Amino acid sequence: MSQLLPFRPLIREGIQLLKNTSWPVRILALVLVLLVISAHLLVQVTHEARSQQVRLQTLEGERDALQVEWGRLLLEESVLVTPVRLEQLASEHFQLRLPETSDLDIRVIQ
Numbered sequence: 001m002s003q004l005l006p007f008r009p010l011i012r013e014g015i016q017l018l019k020n021t022s023w024p025v026r027i028l029a030l031v032l033v034l035l036v037i038s039a040h041l042l043v044q045v046t047h048e049a050r051s052q053q054v055r056l057q058t059l060e061g062e063r064d065a066l067q068v069e070w071g072r073l074l075l076e077e078s079v080l081v082t083p084v085r086l087e088q089l090a091s092e093h094f095q096l097r098l099p100e101t102s103d104l105d106i107r108v109i110q
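Using UniProt numbering, the first residue of the sequence shown is number 1, and each one after it goes up by one.
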């Protein structure tokens with residue numbers, strides 16, 4: 001409503017002019033006003049739709065980048081937890097080794 005404040009005197013003059021005119025002119029003026037309002041709303045809605053489309057494309061790009069990163073992380077995880085890698089880490093960092101057959105004591109309990 002505050003957007004209409006500068007146009008208030010013009011609106012009052014327009015109303016006074018319409019009071020002194022015939023019905024067909026009043027109807028034509030009303031149709032013209034409604035046409036201008038609908039055109040303004042169309043511009044607003046079009047702008048909002050374009051803004052939302054840009055936002056959607058941005059989010060889709062972010063989603064695609066995250067999907068690629070997720071795939072890389074899954075691949076990295078699968079490489080890091082292979083039995084060969086785990087055995088290598090165990091022997092290097094914790095000095096663990098696979099037991100020799102002579103170190104094994106197998107007992108059968110009946």
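Just so it is clear, CB atoms sit at the ideal spot from N, CA and C, and this is done for glycine as well.
Quantities reported herein were computed from a predicted structural model and do not represent experimental measurements.
So for Ile27, helix, strand or coil by DSSP?
In the sequence shown, the residue the question calls residue 27 occupies position 27. Note: Ile27 maps to helix in three-state DSSP.
Would the beta-carbon of Leu42 fall within 8 angstroms of that of Ala29?
Working through the sequence shown from its first residue, we reach residue 42 at position 42. Working through the sequence shown from its first residue, we reach residue 29 at position 29. No, these two residues do not count as a Cβ contact at 8 angstroms.
Nearest-angstrom Cα distance between Gly14 and Leu56?
Here residue 14 corresponds to residue number 14 of the sequence shown, with the count starting at 1. Here residue 56 corresponds to residue number 56 of the sequence shown, with the count starting at 1. Approximately 44 angstroms between the Cα atoms of the pair.
Using a threshold of 8 angstroms, state whether the C-beta atoms of Ser91 and Arg97 are closer than that.
Here residue 91 refers to the residue found at position 91 of the sequence shown. Here residue 97 refers to the residue found at position 97 of the sequence shown. Judged by beta-carbon spacing, Arg97 lies within the 8 angstroms limit of Ser91, meaning their Cβ atoms are closer than that value.
Hey, quick one: how far does the alpha helix (DSSP H) through Glu13 stretch, first residue to last?
On the sequence shown, position 13 is the one that residue 13 refers to. Arg8 to Lys19 is the span of the alpha helix (DSSP H), which, as asked, contains Glu13.
Going by beta carbon distance, what residues of the same chain come within less than 8 angstroms of Val79, once the five residues before and after it are set aside?
Walking along the sequence shown from the start, residue 79 turns up at place 79. Excluding sequence neighbours, Val79 sits near Arg85.
Distance, Val36 Cα to Leu73 Cα
Start at 1 with the first residue of the sequence shown, and residue 73 comes out as number 73. Start at 1 with the first residue of the sequence shown, and residue 36 comes out as number 36. Each residue's alpha carbon lies about 56 angstroms from the other.
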